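Residue numbers (the working numbering): -18 to 316.
Even glycine gets a Cβ: it sits at the ideal position worked out from N, Cα and C.
Quick caveat: nothing in here was measured; it's all calculated off a predicted structure.
Have a look at the structure below, then the notes.
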């Protein structure tokens, strides 16, 4: 079983943090978005993931590959890297891994975190599509279901034809069949919504070929596509996974749950929480941090921040406002 993850986009709506890493590598409560997705499959799928295929942008450096390789090693899977030179839609992105589209494979667009109870069975289906019931289906691609089978896909419907939103996760029993239908779109310049090659058009062709599509319904679908959404999702996950923290570890510090505090964090005379996430190796002195994300090895002194996101190795002093700062930023300190 292969897991294919298109992630060539930089994620402009989470800048400045996506200037240095792609969005799926951003942390949520101490763990990369993409790793949380892989762990969900490991827990809910009825078979193992043997290989993870990452489709990257042409400018992604070795540091990003190293992080993804290490994550794959932790999950006991082989890491393979492919490149998407230009962005021409979801079907085009998947086709950048054309040599990997064989046998059983799962395709996941790593923009969101999802979760579900129990396990997913992929028996008796040519394809399984992960779905979530939503109040406003006009914002999403949706699937139409009848008698336990998916019968149609519609991209952002004007009429309320279905409230089952497609969350961007798909299983295919035979990757070769999907490859064939994407090739048809590319060879015949069949473009869909936004003038791009859409994966839903390839799925439509598979449906018309009488392939059996079934659904897997998720309970939780959390967006990480904007700065506020990433911060809010982090707060939800921190609350869900919170374990009691011994305040005595941190002199003069008050912890207001829920919070996430990584390894080797130093806190001195601080108020932290609720819904604060402080990544490993960070140092905070005389700070108040609420509903904010602080990434690895940041240093803050005499700061009061709320609804903020702070990059890795950032140094702040005397900051009292909402801020969104990328890696290696220095404010209020000698340069």
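Going by beta carbons, residue 147 and residue 110 fall inside the 8 Å limit. Remark: three or more beta-carbon pairs, one from each stretch, lie closer than 8 Å, so the segment 161 to 171 and the segment 71 to 82 are flagged as touching. Counting C-beta pairs closer than 8 Å gives fewer than three between the segment 117 to 128 and the segment 40 to 52, which falls short of the contact rule.
The beta carbon of residue -14 lies closer than 6 Å to those of 35, 89 and 91 in the same chain, with the five residues before and after it left out. Assigned with DSSP and collapsed to three states, residue 35 falls in strand. Proximity to residue 294 across 13, 99, 236 and 264 peaks at 264, based on C-alpha coordinates.
The Cβ neighbour count for residue 182, taken over all protein chains shown within 10 Å, is at least 16; the residue is labelled buried.
Annotated as distal: residue -11 and residue 50, with beta-carbon spacing of 8 Å or more. Straight across, the Cα-Cα distance linking residue 242 with residue 29 is about 31 Å. Contact between residue 131 and residue 196 holds, since their C-beta atoms are separated by about 6 Å, short of 8 Å.
DSSP, read as helix, strand or coil, puts residue 67 in coil. The residues 21, 199, 200 and 201, in chain order, have a CB closer than 7 Å to that of residue 96 in the same chain once the five nearest residues on each side in sequence are set aside. By the C-beta density criterion, residue 63 is buried, having at least 16 other C-beta atoms within 10 angstroms. Taking 8 Å as the upper bound for CB-CB distance, residue 154 and residue 83 are not in contact here, some 11 Å apart.
DSSP, reduced to helix, strand and coil, places residue 61 within a strand of the structure shown.
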